[in-house]
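A.B. asks: First, the structure itself, so that you have it in front of you.
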Amino acid sequence: MEGNASKDGAEGGHGAVWETLKTMDYLFIKFKQAAELTRHEDSSHFKSGIDCGWAKLEDYYVKTDRTPVYRAALALHPSYGYDYFERHWSEAMDKPEWYSEMKRAVSDLFEEYRRQAEIEIQAQAGLLDDESDREEASADNDYSSFGKRSVTSLNVRRRRARTVTELDLFQTRPIYIQDLDVADPLEWWHQH
Numbered sequence: 001m002e003g004n005a006s007k008d009g010a011e012g013g014h015g016a017v018w019e020t021l022k023t024m025d026y027l028f029i030k031f032k033q034a035a036e037l038t039r040h041e042d043s044s045h046f047k048s049g050i051d052c053g054w055a056k057l058e059d060y061y062v063k064t065d066r067t068p069v070y071r072a073a074l075a076l077h078p079s080y081g082y083d084y085f086e087r088h089w090s091e092a093m094d095k096p097e098w099y100s101e102m103k104r105a106v107s108d109l110f111e112e113y114r115r116q117a118e119i120e121i122q123a124q125a126g127l128l129d130d131e132s133d134r135e136e137a138s139a140d141n142d143y144s145s146f147g148k149r150s151v152t153s154l155n156v157r158r159r160r161a162r163t164v165t166e167l168d169l170f171q172t173r174p175i176y177i178q179d180l181d182v183a184d185p186l187e188w189w190h191q192h
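Read left to right, the sequence shown gives residues 1 to 192 (the working numbering).
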């Protein structure tokens with residue numbers, strides 16, 4: 001799970017960010033099953049190994065929680081999305097709080113990027129107000145500018161009124177058979 005999975009000769013080498021949590025979840029379920037099977041056994045090296053492996057895996061979950069990138073990469077994968085987390089985290093792994101936190105983290109990350117993109121578009125179009133220009137204009141045109149709409153405040157208000165985001169649309173889109181086996185999610189996104 002390390003390295004560049006997109007490197008020539010290493011495609012599908014299980015080094016992509018979106019594969020990290022999926023692999024950890026697979027191991028989590030296997031450790032859980034092994035712990036159940038050995039629950040009534042006497043202490044052994046095998047049983048200790050299961051406990052140590054499980055503890056190390058939990059350390060790695062804590063590390064992936066430090067950034068939303070791992071959750072977002074899997075949530076934005078067309079073959080997985082939020083459905084993956086609901087099936088595995090809420091149900092199979094019995095961690096509904098992980099699922100709720102994932103949705104919040106991915107949504108926050110999406111909003112951060114969306115706001116930044118909007119600011120960049122407005123800056124390129126010359127729509128952002130320069131603070132010093134506004135102060136100068138307000139002194140000169142105090143009466144004439146009183147009550148006028150501003151691009152920034154209108155966009156903020158309209159953005160707040162928007163209830164459905166592109167992220168919501170992606171997560172609730174119809175799933176097609178070809179979406180179930182996407183080997184390269186970046187290529188899929190370029191095509192869509």
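Using N, Cα and C, we set each Cβ at its ideal position, and we do this for glycine too. Bear in mind the structure is a predicted one, so any value in this text is a computation, not a measurement.
Comparing alpha-carbon positions, which option in Asp-51, Arg-173, Glu-86, Leu-169 lies nearest Gln-33?
C.D. replies: Working through the sequence shown from its first residue, we reach residue 33 at position 33. Of Asp-51, Arg-173, Glu-86, Leu-169, the residue nearest in Cα terms is Asp-51.
A.B. asks: Once DSSP output is grouped into helix, strand and coil, what is the label at Glu-97?
C.D. replies: The residue given as residue 97 occupies position 97 in the sequence shown. Residue state, collapsed to three classes: helix.
A.B. asks: Give me the Cα-Cα distance between Gly-49 and Leu-169, rounded to the nearest whole angstrom.
C.D. replies: On the sequence shown, residue 49 is found 49 positions in, with the first residue counted as 1. On the sequence shown, residue 169 is found 169 positions in, with the first residue counted as 1. The straight-line gap from Cα to Cα measures roughly 44 Å.
A.B. asks: Just verifying my parser: in three-state terms, what is the DSSP assignment at Glu-41?
C.D. replies: To locate residue 41, count along the sequence shown from 1; it is residue 41. Here Glu-41 sits in coil by DSSP.
A.B. asks: Cβ atoms of Pro-68 and Val-106: under 8 Å apart, would you say?
C.D. replies: Position 106 of the sequence shown, counted from the first residue, corresponds to residue 106. Position 68 of the sequence shown, counted from the first residue, corresponds to residue 68. Contact: yes.
A.B. asks: Would Trp-89 be called buried (16 or more neighbouring beta carbons within 10 Å of its own) or exposed?
C.D. replies: Position 89 of the sequence shown, counted from the first residue, corresponds to residue 89. So Trp-89 ends up on the buried side.
A.B. asks: Grab the span of the alpha helix (DSSP H) containing Gly-81 for me, first residue to last.
C.D. replies: For the purposes of this step, residue 81 is identified with residue 81 of the sequence shown, where counting begins at 1. Note, Gly-81: alpha helix (DSSP H), 81–85.
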